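Chemist: Numbering (full-length UniProt numbering), first residue to last: 1 to 320.
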């Protein structure tokens, strides 16, 4: 069973649709169908059946799915082991990131990394937090950069994934110029109008958590939008207040499109985290990127703070 066929099979199983699977693996629909049929002919069993809601796995397909995932993982580890044995820090890497992190942090940083490692080709995919996790699990990206939910450290972490926080991004309360001073306590602030992303998004989680930790109900939202950029524009137009990472609105603050108001409580931060799959043998190119991100992606003022992390965080360095 060729890894290419297994990857296509898993994408069809995930999307339950030939068209969406073809888009995900960058093939024509006919090629996806041909690959599935080739795999079925090789195994001597049908893997999918059609239903009103899409393609469903047959009992044979359900049996193959976890084995296909293991085989693709082993294929990657075999390639990594050969590269490590040959001391080859070359090859290609695919980075996944939230749009804000990709534009504000990775875009200025990646050219320097590529200049220092010309034998490593780096591609980037921009997606939301949920999509980044799926891309990591499916092996479509090598490392993801996102803002981590703080409740991950309380038992919700996936042990198949390794993670390391490399920066603590400050959250800022922003408003349109001339809107006036913010209330001096969170209860009063919660009575004002806010703009936020949809439920389930990491930015919405940051807003809800900031009030919940103080025992205050979340504020009323006048709009739920899909991006930090849209939040910034709505806030600048006077629709309401926003609580967002500073790096997402630094340009708007510098231009005077937005103003920062004092947060009436403990300063809020968002942990910028890189996440990758645990492997018995790590590809040398990925090791180079993880080490470089750990040492150079965080601002200088944050590196000294991160160097004094507790022992539990230091142990994660052994994964690099």
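Where a beta carbon is used, it is the ideal one built from N, C-alpha and C, also for glycine. Keep in mind that this is a model prediction, so the values were computed, not measured.
1. Quick check on residue 26: buried or exposed, where buried means 16 or more other Cβ atoms within 10 Å of its Cβ?
2. Restricting to Cα atoms, I'd like to know which of 260, 294, 258 and 250 is closest to residue 103.
3. Please list, in chain order, all residues of the same chain as residue 109 whose beta carbon is under 6 Å from its beta carbon, the five residues on each side excluded.
4. Quick check on this structure: which residue in 276, 50, 140 and 93 has the alpha carbon closest to the alpha carbon of residue 18?
5. What does residue 209 pair with, by DSSP beta-bridge criteria?
6. Should the segment 92 to 99 be regarded as contacting the segment 123 to 133, the criterion being three or more beta carbon pairs within less than 8 Å?
7. Between residue 172 and residue 260, how many whole angstroms is the CB-CB distance? I'm expecting something under 8 Å.
8. What alpha helix (DSSP H) runs, 4 residues minimum, are completely inside the segment 211 to 253?
9. For the UniProt domain "HTH lysR-type" (1 to 58), list the alpha helix (DSSP H) runs that are entirely contained and at least 4 residues long, ordered along the chain.
10. Under 6 Å Cβ to Cβ from residue 106, same chain only, skipping five residues before and after it: list those, please.
11. Could you check how far apart the C-beta atoms of residue 190 and residue 218 are, in whole angstroms? I think they sit under 8 Å.
12. Reducing DSSP to helix, strand and coil, say where residue 202 ends up.
13. Using DSSP's beta-bridge definition, name the partner residues of residue 274.
14. State whether the segment 175 to 188 contacts the segment 285 to 294, with contact taken as three or more CB pairs (one from each stretch) at a distance under 8 Å.
15. What did DSSP end up calling residue 106 once you bin it into helix, strand or coil?
16. What does DSSP give as the partner residue(s) for residue 175 in the beta ladder?
17. Return the Cβ separation of residue 244 and residue 225 in integer angstroms, given the expectation that the two are a contact with Cβ distance under 8 Å.
18. Whole angstroms are fine: how far does the CA of residue 44 sit from the CA of residue 153?
19. Specify the secondary structure class of residue 96 as computed by DSSP and reduced to three states.
20. Measure the C-alpha to C-alpha separation of residue 227 and residue 209 and round it to an integer number of angstroms.
21. Please classify residue 2 as buried or exposed, where buried requires at least 16 neighbouring CB atoms within 10 angstroms.
22. In the structure shown, what three-state DSSP assignment does residue 159 receive?
Modeler: Quick answer:
1. What you label residue 26 is simply residue 26 of the chain shown in a count that begins at 1. Residue 26 comes out exposed.
2. Walking along the chain shown from the start, residue 103 turns up at place 103. Nearest option by C-alpha distance: 250.
3. Looking up residue 109 in the chain shown gives position 109. The answer, listed in chain order, is 297.
4. By 1-based counting over the chain shown, the position of residue 18 is 18. For the residues 276, 50, 140 and 93, the minimum Cα distance to residue 18 belongs to 50.
5. Counting from one through the chain shown, the residue named residue 209 turns up at place 209. Residue 209 is not bridged to any residue.
6. The segment 92 to 99 and the segment 123 to 133 touch, with no fewer than 3 CB-CB distances between them shorter than 8 Å.
7. Position 172 of the chain shown, counting from 1, holds the residue named residue 172. Position 260 of the chain shown, counting from 1, holds the residue named residue 260. Sure, about 5 Å apart at Cβ, within 8 Å.
8. Complete alpha helix (DSSP H) runs here, min 4: 228 to 236.
9. List check, alpha helix (DSSP H) in window: 3 to 15, 18 to 25 and 29 to 43.
10. Within the chain shown, residue 106 is the residue found at index 106, counting from 1. The answer, listed in chain order, is 97.
11. Taking the chain shown and counting its residues from 1, one reaches residue 190 at position 190. Taking the chain shown and counting its residues from 1, one reaches residue 218 at position 218. That pair is a contact at about 7 Å.
12. Residue 202 sits at position 202 when you count from the first residue of the chain shown. Reduced to three states, the DSSP call for residue 202 is helix.
13. Stepping through the chain shown from its first residue, residue 274 is reached at position 274. According to DSSP, residue 274 bridges with 145 and 164.
14. no
15. Taking the first residue of the chain shown as 1, we reach residue 106 at position 106. Note: residue 106 maps to helix in three-state DSSP.
16. Here the question's residue 175 lines up with position 175 in the chain shown. Per DSSP, 259.
17. Start at 1 with the first residue of the chain shown, and residue 244 comes out as number 244. Start at 1 with the first residue of the chain shown, and residue 225 comes out as number 225. So it is not a contact: roughly 12 Å between Cβ atoms.
18. The residue given as residue 153 occupies position 153 in the chain shown. The residue given as residue 44 occupies position 44 in the chain shown. Summary for residue 153: the model assigns pLDDT 49, below 50, so the residue's position carries little reliability; its value from the coordinates is reported in the next sentence. Looking at the two C-alpha atoms, the distance is approximately 45 Å.
19. Taking the chain shown and counting its residues from 1, one reaches residue 96 at position 96. Reduced to three states, the DSSP call for residue 96 is strand.
20. Walking along the chain shown from the start, residue 227 turns up at place 227. Walking along the chain shown from the start, residue 209 turns up at place 209. C-alpha separation (whole angstroms): 19 Å.
21. Position 2 of the chain shown, counting from 1, holds the residue named residue 2. Classification of residue 2: exposed, given that the 10 Å Cβ count is below 16.
22. Here residue 159 corresponds to residue number 159 of the chain shown, with the count starting at 1. In the three-state scheme derived from DSSP, where H, G and I count as helix and E and B as strand, residue 159 is classed as coil.
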